[in-house]
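Each remark here refers to the structure printed beneath this line.
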Amino acid sequence: MSRARTEQLIADYYQAFNAGDMDRFLGLLTDDVRHDINQGERETGREAFAAFMERMNRNYREQLVDIQIMSSTDGSRAAAEFVVLGEYLVTDDGLPEARGQRYRLPAGAFFEVRDNKVARISNYYNLNDWIAQVGA
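Heads up, the sequence shown is in the UniProt record's numbering, so the first residue is 1 and it goes up one at a time.
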């Protein structure tokens with residue numbers, strides 16, 4: 001896969017996320033996608049990722065801005081840096097109480113790409129920064 005196609009795939013991934021188009025978003029993943037949750041476990045499979053996103057969309061309202069996408073020369077890997085603009089809607093397990101707090105959080109992600117689909121996504125952000133923003 002070319003570098004340009006990989007970067008377009010990742011751009012499409014974030015465009016679908018920002019539009020709330022979960023069908024399109026999940027359609028960009030391989031059936032066996034691996035998802036490394038920030039400071040958490042690895043989940044495998046599109047169904048597991050869909051369940052994760054259902055919980056996220058219930059508890060948080062987020063838009064990603066200032067997205068910068070980079071990729072390897074062969075297009076098999078990519079990375080993105082962005083800022084999460086969010087609102088904490090419903091209390092998530094083990095986290096501070098949700099009261100509609102807004103947050104702005106720098107974040108990043110790493111991707112593996114196979115057959116023009118996302119085969120792995122690893123998201124990273126500073127959880128302590130987020131807790132400080134919503135817990136204050």
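The beta carbon of each residue, even a glycine, is placed where N, CA and C say it ideally should be.
Sequence-distant residues of the same chain with beta carbon closer than 7 Å to residue i, five excluded per side
i, result
"Ile69", "Glu7, Ile10, Ala11, Ala78, Ala80"
"Leu29", "Arg46, Phe49, Lys117, Val118"
"Asn38", "Asn123, Tyr124, Tyr125, Leu127"
"Asn18", "Gln63, Leu64"
"Ile67", "Tyr14, Ala80, Phe82"
Start and end residues, alpha helix (DSSP H) containing residue i
i, result
"Gln39", "Element bounds for Gln39: n/a, residue is neither H nor E."
"Ala11", "3-19"
Other residues of its chain near residue i: CB distance less than 8 Å, five sequence neighbours each side excluded
i, result
"Ala98", "Asn59, Tyr88, Leu89, Val90, Thr91, Asp92, Val134"
Same chain, Cβ closer than 6 Å to residue i, neighbours up to 5 away in sequence not counted
i, result
"Ala50", "Leu26"
Spatial distance of residue i from residue j (CA atoms)
i, j, result
"Ala119", "Gly108", "17 Å"
"Asp129", "Met1", "36 Å"
"Gln15", "Met22", "11 Å"
"Gln63", "Leu127", "17 Å"
"Glu41", "Arg34", "10 Å"
"Arg24", "Tyr13", "8 Å"
"Pro96", "Arg3", "40 Å"
"Thr73", "Arg5", "11 Å"
Extent of the continuous beta strand (DSSP E) run through residue i
i, result
"Gln63", "60-71"
"Glu108", "The sequence given here places Gly at residue 108; Glu does not occur at that position. 102-114 is the span of the beta strand (DSSP E), which, as asked, contains Gly108."
Residue i - DSSP class collapsed to helix/strand/coil
i, result
"Arg55", "helix"
"Ala78", "strand"
"Asp129", "helix"
Quiz item: Can we say the region 79-98 touches the region 52-65, given the rule of at least three CB pairs closer than 8 Å?
Solution: yes
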